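Be aware that the sequence shown starts at 1449, since it is given in the numbering used here, and climbs by one per residue.
Glycine residues also receive a C-beta, built at the ideal position from the N, C-alpha and C atoms.
Everything numeric in this text was worked out from a predicted model, so none of it was measured.
What follows is a short report on a single structure.
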Amino acid sequence: MNDTVKLEHNFFTLMGQAQQFTVDRAALKKRFRTLQREYHPDRFVAKTPQEQRLAVQFSAHLNTAFATLDNPVKRATHMLELSGVTIDHQNSTIKDPVFLMQQMETREAFDDARADNDLPALESLLNQVNSQFQACQQDFAALFDASQLSASADEKNVRDTVGKMQFYEKLSDELTSLIRSLTQ
């Protein structure tokens, strides 16, 4: 390892993936394992302290790159950042009234099913949420590929789509966790 390491900011490049929303997960995992083996800090035990530090730094960067590309919301956010668009997930709001109404209805259905420990209703809701999450991912891929963010309206649509993806991902995680706890 060199005395200095330039950490690749573009995780697609680092992980040998085309810069598009759809990734080859098998190739991503294979590349991750290959780089992980090659640069694992344990391989640098007999090296200088600087080389050990760089190995730790690169290993952490590699873990971040893999986690980013393996997660649809993080991957979409990274793609936007590479295009010069930042998203503040904590403070961004979606103003789409249809989505907001849908979001409220979905949350109410979740709360009702949770209160009743209604496993079939929770599983049905999980399927609906996962379908909507998949649809948002397809929308993002289509919007991003079509526009490459050339217009501010496209940028807003893409940002909103990422916000919707984040909502569905979080709700899917909550539903999965609740279903798991009810079936154990």
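Proximity to Asp1518 across Lys1478, Thr1554, Arg1555 and Glu1553 peaks at Lys1478, based on C-alpha coordinates.
Just so you know, the alpha carbons of Ala1563 and Gln1465 end up roughly 44 Å apart. Taking each of Phe1506, Glu1499 and Thr1496 in turn and checking the Cα distance to Leu1483, the smallest one comes out for Phe1506. For Phe1469, the secondary structure class from DSSP, reduced to helix, strand or coil, is coil. With fewer than 16 other beta carbons inside 10 angstroms of its own, Gly1532 counts as exposed.
Here the alpha carbon of Arg1501 sits roughly 12 Å from the alpha carbon of His1509.
Here the alpha carbons of Ala1494 and Thr1534 stand approximately 41 Å from one another.
The three-state secondary structure of Val1610, taken from DSSP, is helix. In the structure shown, Thr1496 falls within a coil segment according to DSSP collapsed to helix, strand and coil. Across the structure, Asn1511 and Met1613 are spaced so that their CA atoms are roughly 22 Å apart.
In this structure, DSSP gives Asp1536 a state outside helix and strand, which the three-state scheme calls coil. The three-state secondary structure of Lys1543, taken from DSSP, is coil. Bounds of any alpha helix (DSSP H) do not take in Pro1489, whose DSSP letter is neither H nor E. Counting every other CB atom within 10 Å of its CB across the protein chains shown gives His1457 a total below 16, marking it as exposed. Its chain contains Glu1499, Gln1500 and Ala1503 as the residues whose beta carbon lies nearer than 6 Å to that of Phe1492, once the 5 sequence neighbours on both sides are disregarded; these appear in chain order.
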